[in-house]
Amino acid sequence: MMFSMKRMTAIFQKDLKDLSKNMYVGTSLILPFMLALFYRNMDVISIETHYLIINLTFVVVGLFVQSAIIAEEKEKHTLRGLMLSPATLPEILTGKSLVSFLLTGVTILICVGILGYDPVSPLLITIALIISAFFYLALGTLIGLVSRTVIEASVIMLPVMFIFGFGSLFEILIEKYPMLGFTTYLPSVQLVELANEVEVGAGFVDIGLNLVIIFIWFIVAALATVAVFKKREMDD
């Protein structure tokens with residue numbers, strides 16, 4: 003069955019309309035803006051500070067909003083109807099991810115503007131941010147699928163927000179606790195490393211490994227999401 007833009011757009015428009023009525027969207031957008039306004043008065047804003055806010059945006063806007071969208075569909079028992087509709091899996095997942103993707107992108111752009119972040123290579127940074135966004139959307143969809151309600155999704159989000167939103171802070175602890183060395187492979191940490199390399203003139207080849215690691219995180223999350231979605235489709 004071919005991908006239908008019409009069905010995908012219909013799903014997107016429905017979610018956009020539903021989200022405009024929900025308070026959690028507004029509250030999730032507040033935190034990145036508050037932090038950006040707070041840090042803008044610093045004399046020197048480090049790459050780590052810029053990406054603390056960017057990674058937090060991925061978690062509290064992209065991941066949380068996405069998980070809430072899916073969890074709300076389950077809570078209202080409308081996800082099953084969508085699964086039984088003529089819409090294909092790619093159409094459903096794309097349509098349901100588009101709102102979160104746009105919200106995340108707009109939030110990051112505004113926060114970057116507030117902080118005055120001007121990367122040496124906007125193209126390389128944009129590529130890395132898009133791949134990162136795909137990962138967080140896939141993970142958000144997965145959390146939504148395994149949650150029964152929006153509240154349950156919010157509870158699951160707490161440790162996830164700490165691990166991925168503040169993952170770069172683990173670097174401070176690695177010297178004292180070597181067992182935390184695996185955290186250097188977190189997508190949030192890889193994004194910071196990539197951004198630092200770009201600032202000193204690194205090219206696409208130089209940051210290739212960072213991009214590959216982030217992309218692997220996306221692939222794993224996407225495969226898990228598809229597997230859970232298909233299981234829910236059969237179980238329900």
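For the sequence shown, the numbering used here begins at 3 and goes up steadily by one. Don't be surprised by glycine CBs; every beta carbon is placed ideally from N, CA and C. Just so you know, these numbers come straight off a predicted model, no measurement behind them.
C-alpha of L58 to C-alpha of A130: approximately 15 angstroms in a straight line. Following the DSSP letters along the chain, one finds L100 inside the alpha helix (DSSP H) bounded by residues 91-117. Per DSSP, T185 is not a residue of any alpha helix (DSSP H), being assigned neither H nor E.
Within the model, the alpha-carbon separation for V200 versus K78 is close to 45 angstroms. Contact fails between the stretch 37-49 and the stretch 60-67, because fewer than three Cβ pairs, one in each stretch, are under 8 angstroms apart. Inter-residue distance for R9 and S99 is about 14 angstroms (C-alpha atoms, whole angstroms).
Boundaries for L65: no alpha helix (DSSP H) harbours it, and the DSSP string shows neither H nor E there. In the DSSP assignment, D17 falls within the alpha helix (DSSP H) that extends over 7-21.
No Cβ-Cβ contact shorter than 8 angstroms links L126 with H52. Minimum Cα-Cα distance from F103 among the listed residues I132, Y187, L86, I165 corresponds to I132. Straight-line spacing of the CA atoms in V191 and K16 works out to 35 angstroms.
Between the alpha carbons of I49 and S87 lies a gap of roughly 46 angstroms. With a 10 Å radius around the Cβ and a threshold of 16 neighbouring Cβ atoms, M7 comes out exposed. Straight-line measurement puts the Cα of I56 at about 8 angstroms from the Cα of C113. Within the same chain, Cβ atoms closer than 6 angstroms to the Cβ of G97 are found at M10, I13, F14, the five residues on either side in sequence being excluded. L81 has its alpha-carbon roughly 13 angstroms from the corresponding atom of T90.
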